[in-house]
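Here the structure is laid out as structure tokens; the discussion comes afterwards.
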């Protein structure tokens with residue numbers, strides 16, 4: 042009597058597994074199982090390297106940290122906040138824009154820029170952490186007297202031809218481990234603790250209170266354009282005001298990225314999601330994935346409230362994402378997302394302000 046298809050398939054699978062996993066080799070006897078492999082421990086920096094950096098930081102006037110993708114480890118964001126609060130006057134510039142590397146509500150926040158920023162030209166001490174392109178020399182470069190330190194898992198960037206940063210110290214280390222080391226070393230040294238508590242550092246902290254002036258200048262850019270058109274900055278400011286604080290922002294704004302980042306001002310871990318590489322049109326699929334993930338987490342935690350996911354995308358990259366498929370999937374599987382399409386010149390469709398509020402509501 043012939044076997045049923047399911048039984049035949051089961052027997053075939055069992056036979057193939059027995060062939061693939063024999064307990065005895067043809068030339069060797071039975072051997073003991075191999076020991077489990079463990080991940081390598083995080084790399085740290087040498088103690089003397091901490092001393093060199095802190096000695097420089099103690100005498101500098103405008104210390105700066107440049108990062109690009111340190112927020113891949115969310116613990117590193119908390120470590121940077123801790124260090125920037127301990128060493129008053131320390132500022133942080135994000136040159137990657139892939140994630141929330143530093144909260145926008147901290148006085149040391151300088152925002153996100155690619156390749157050029159005034160802070161790079163005026164600083165006298167730079168710590169580069171997990172960053173491939175801290176600046177573009179044809180657009181911006183530090184002073185010749187500035188001292189540069191670099192911490193990265195691959196500080197030499199061996200697979201990048203012609204890559205070079207004139208750093209006085211280059212350390213192979215995990216960024217989170219290294220930043221925590223520096224902060225712990227300060228607390229363990231009575232001398233350094235007294236230094237960071239001195240009036241000099243208090244004055245630096247007072248200078249950082251210009252953070253409110255920076256926010257005010259960014260808010261001043263949020264005005265409607267000619268013929269009552271809505272600029273990207275104006276729209277994003279209203280979106281930030283109307284959306285819940287825990288909203289996830291998936292951004293592929295192309296030429297409007299800076300305007301969007303300046304107005305969204307992400308403060309929560311993982312709240313800002315961008316892509317530093319190629320692949321135009323990635324944001325639509327990622328927005329669906331983020332919504333699936335946050336809903337799954339809410340289901341596990343038995344939380345009824347669902348977090349919002351907002352996609353901000355340029356019109357060209359929007360078409361690259363094959364929107365017909367994206368929104369069919371969104372409707373078919375009940376994955377709601379909000380999509381904002383910007384044009385490449387900094388505005389959207391000529392909506393009246395009243396229509397904008399009605400649309401957002």
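Numbering (the working numbering), first residue to last: 42 to 402. Each residue gets a CB set at the ideal place from its N, CA and C atoms; glycine is no exception. Computed from a prediction, not measured in an experiment: that's the story for all the values here.
Rounded C-alpha distance that separates residue i from residue j
i: residue 358; j: residue 338; result: 29 Å
i: residue 215; j: residue 108; result: 13 Å
i: residue 96; j: residue 268; result: 56 Å
i: residue 295; j: residue 327; result: 16 Å
i: residue 373; j: residue 311; result: 27 Å
i: residue 172; j: residue 138; result: 11 Å
i: residue 111; j: residue 136; result: 11 Å
i: residue 364; j: residue 240; result: 57 Å
i: residue 270; j: residue 255; result: 25 Å
i: residue 148; j: residue 252; result: 5 Å
i: residue 284; j: residue 349; result: 8 Å
i: residue 331; j: residue 169; result: 30 Å
i: residue 52; j: residue 144; result: 58 Å
i: residue 187; j: residue 163; result: 9 Å
i: residue 54; j: residue 345; result: 43 Å
i: residue 230; j: residue 88; result: 12 Å
i: residue 387; j: residue 224; result: Caution is warranted here: a pLDDT of 42 is assigned to residue 387, below 50, making its placement in the model unreliable, and no coordinate value can be reported.
i: residue 333; j: residue 313; result: 16 Å
i: residue 201; j: residue 195; result: 11 Å
i: residue 227; j: residue 106; result: 17 Å
i: residue 375; j: residue 366; result: 14 Å
Cutoff 7 Å; reference residue i; Cβ partners in own chain excluding five residues on either side
i: residue 384; result: 356
i: residue 262; result: 274
i: residue 336; result: 347
i: residue 181; result: 156, 157, 158, 161 and 162
Own chain, CB closer than 6 Å to residue i, minus 5 neighbours either side, in chain order
i: residue 477; result: The question about residue 477 has no answer here: the residues shown for the chain are numbered 42 through 402.
i: residue 379; result: 351
i: residue 212; result: 86, 90 and 192
i: residue 83; result: 215 and 218
i: residue 369; result: none
i: residue 94; result: 190
Whole-angstrom C-beta distance between residue j and residue i, which should lie under 8 Å
i: residue 307; j: residue 323; result: Residue 307 to residue 323, Cβ: 19 Å. No contact.
i: residue 125; j: residue 133; result: 6 Å
i: residue 128; j: residue 237; result: 6 Å
i: residue 362; j: residue 325; result: 4 Å
i: residue 141; j: residue 309; result: 7 Å
i: residue 264; j: residue 353; result: No, residue 264 and residue 353 are not in contact; Cβ-Cβ is about 19 Å, not under 8 Å.
i: residue 190; j: residue 174; result: Contact doesn't hold; Cβ gap of about 17 Å is too wide.
i: residue 160; j: residue 177; result: Rounded, the Cβ-Cβ distance is 15 Å, inconsistent with contact.
Cβ neighbour criterion (16 or more within 10 Å) applied to residue i
i: residue 340; result: exposed
i: residue 204; result: exposed
i: residue 282; result: exposed
i: residue 234; result: exposed
i: residue 391; result: Interpretation of residue 391 is limited by its pLDDT of 42, a score under 50 that renders its predicted location unreliable; the figure taken from the coordinates is listed afterwards. Flag for residue 391 reads exposed.
i: residue 92; result: exposed
i: residue 260; result: exposed
i: residue 342; result: exposed
i: residue 146; result: exposed
i: residue 243; result: exposed
i: residue 298; result: buried
i: residue 329; result: buried
i: residue 183; result: buried
i: residue 59; result: exposed
i: residue 396; result: Because the pLDDT at residue 396 is just 43, under 50, the model does not fix this residue reliably, and the value given afterwards should be weighed accordingly. Exposed, by the Cβ-count rule.
Cβ-based neighbour list, residue i, same chain, cut-off 8 Å, excluding 5 preceding and 5 following
i: residue 114; result: 215, 216 and 217
i: residue 382; result: 354, 355, 356, 359 and 389
i: residue 116; result: 217
i: residue 248; result: 130
*Tell me, please, whether the segment 119-130 touches the segment 209-222 by the rule of three or more beta-carbon pairs shorter than 8 Å.*
yes
*asked:* Would the segment 315-334 count as touching the segment 268-279 if we require 3 or more Cβ pairs under 8 Å?
replied: no
*So does the segment 295-313 actually touch the segment 148-162, counting three or more Cβ pairs closer than 8 Å?*
yes
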